[in-house]
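**Student:** Residue numbers (the numbering used here): 2 to 242.
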Amino acid sequence: MKLSSSLIFTSSYLGAVSGFSSLPSVSKRTVSTLVAERPFTSSQIYQYATAPEGLVNVADIWSERDVYSMEQWATQYGMQKADGVELYSEDGGSDYSLMTNSGVAAGETVIWVPSSIVINSASVEQEFGAGCLQQVEAVLIQIDEFAAMKGTATDSYYRLPLFRLMVRILAEWEKGQDSVYFPWLNSLPRQFFNGASMTKRCFECLPPYAGWLASTERTNYGHFNMALKQGYVPLNPETIM
């Protein structure tokens, strides 16, 4: 029996959005200049540079995923699996799922991950402080508003919890092997086939609704990227491609 599994221990709380009711204002002229002068292009995703020593090399899409070290790490932090459940790959290590070599009863817990190793959007504010997050989120919202005036519909405001997860994961990546999450980061895939990784030509090949969904994902990613480049969040500029 095989069970679909996500190896990403992250979560976002949509309820956290209610905390963004009062955000500091940012000059719309600044935002409009940013969008006009720094358009988002595919080169900002595909940057095949050698990763600095100690960092997970996200540029090498063929790099082997070390999922078994991640499993050992998670077990050390309290992750538990039902008897007979193990990681399994059908394609030589690109994608993984969970497989059990014994019966699993209905309602039985297959895998349990303690909240202490789950990265969630609610904890990001505690780490970075409300001030810098409110500033960068205000920029993100105004980038969306400017794009809407230009006829590009976006929903980044409603995806602020995902934006916070992006900030936290980038911060952990910068720490390299000093990050407690390094085994998890090193287990993740380097190659993706989602909307953020597609080009305009890809969108045109999709059915209309699917193409719109995929292009919206890429637009959101581009706006996240532009907001981070304003420097309100303490990330290395080289980290923000």
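Every residue gets a Cβ at the ideal spot worked out from N, C-alpha and C, and that includes glycine.
(1) Would Leu134 and Arg165 be called neighbours here (beta carbons separated by less than 8 Å)?
(2) For Val111, which option in Ala131, Gln136, Met100, Lys82 has the closest C-alpha, if you only look at C-alpha atoms?
(3) Here's the rule: buried if 16 or more other CB atoms are within 10 angstroms of the residue's CB, otherwise exposed. What is Phe194?
(4) Name the DSSP beta bridge partners of Leu88, please?
(5) Under a Cβ-count criterion, where at least 16 other Cβ atoms within 10 Å of its own Cβ denotes burial, should Val140 be classed as buried or exposed?
(6) Decide if Met150 is buried, meaning its Cβ has at least 16 other Cβ atoms within 10 Å, or exposed.
(7) CA-CA distance, Gly108 and Gly85?
(8) Hey, is the stretch 60–77 in contact with the stretch 89–97, meaning 3+ C-beta pairs nearer than 8 Å?
(9) Among all the DSSP beta bridges, which residues are the ones paired with Gln81?
(10) According to the neighbour-count rule (16 or more other Cβ atoms, all chains shown, within 10 Å of its Cβ), is Leu186 buried or exposed?
(11) Between the C-alpha atoms of Thr240 and Glu175, what's the straight-line distance to the nearest angstrom?
(12) To the nearest angstrom, how far is the alpha carbon of Trp63 from that of Gly93?
(13) Count the other CB atoms, across all protein chains shown, that sit within 10 Å of the CB of Ala148; report buried if there are 16 or more and exposed otherwise.
(14) Buried or exposed: which applies to Arg202, given that a residue is buried once 16 or more other Cβ atoms fall within 10 Å of its Cβ?
(15) Tell me whether Pro184 is buried or exposed, calling it buried when 16 or more other Cβ atoms sit within 10 Å of its Cβ.
(16) With 16 as the cutoff for other CB atoms within 10 Å, does Ser122 come out buried or exposed?
(17) Would you call the CB atoms of Val125 and Leu229 closer than 8 Å?
(18) Assuming Arg160 and Asn221 form a contact by the criterion Cβ under 8 Å, report the distance between their Cβ atoms to the nearest whole angstrom.
(19) Name the two residues that bound the continuous alpha helix (DSSP H) containing Trp185.
(20) Using CA coordinates, which residue listed in Asn237, Asp61, Ala60, Gln73 is at the minimum distance from Ala172?
(21) Is the distance from the Cβ of Glu218 to the Cβ of Gly196 below 8 Å?
(22) Assign Asn121 to one of three DSSP states: helix, strand, or coil.
(23) Whole angstroms are fine: how far does the CA of Gly223 sit from the CA of Gln77?
(24) For the alpha helix (DSSP H) containing Phe247, list its first residue and its last residue.
(25) In terms of residues, what are the limits of the alpha helix (DSSP H) holding Trp174?
**Tutor:** Quick answer:
(1) yes
(2) Lys82
(3) Phe194 counts as exposed, since fewer than 16 other beta carbons sit within 10 angstroms of its beta carbon.
(4) Leu99
(5) With 16 or more Cβ atoms within 10 Å of its Cβ, Val140 is classed as buried.
(6) By the neighbour-count rule (16 or more Cβ atoms within 10 Å), Met150 is not buried but exposed.
(7) 16 Å
(8) yes
(9) Trp113
(10) buried
(11) 7 Å
(12) The straight-line gap from Cα to Cα measures roughly 12 Å.
(13) buried
(14) exposed
(15) buried
(16) buried
(17) no
(18) 6 Å
(19) 183–186
(20) Asn237
(21) yes
(22) strand
(23) 37 Å
(24) What the structure shows of the chain is the stretch from 2 to 242, and residue 247 is not part of that stretch, so it cannot be assessed.
(25) 161–175
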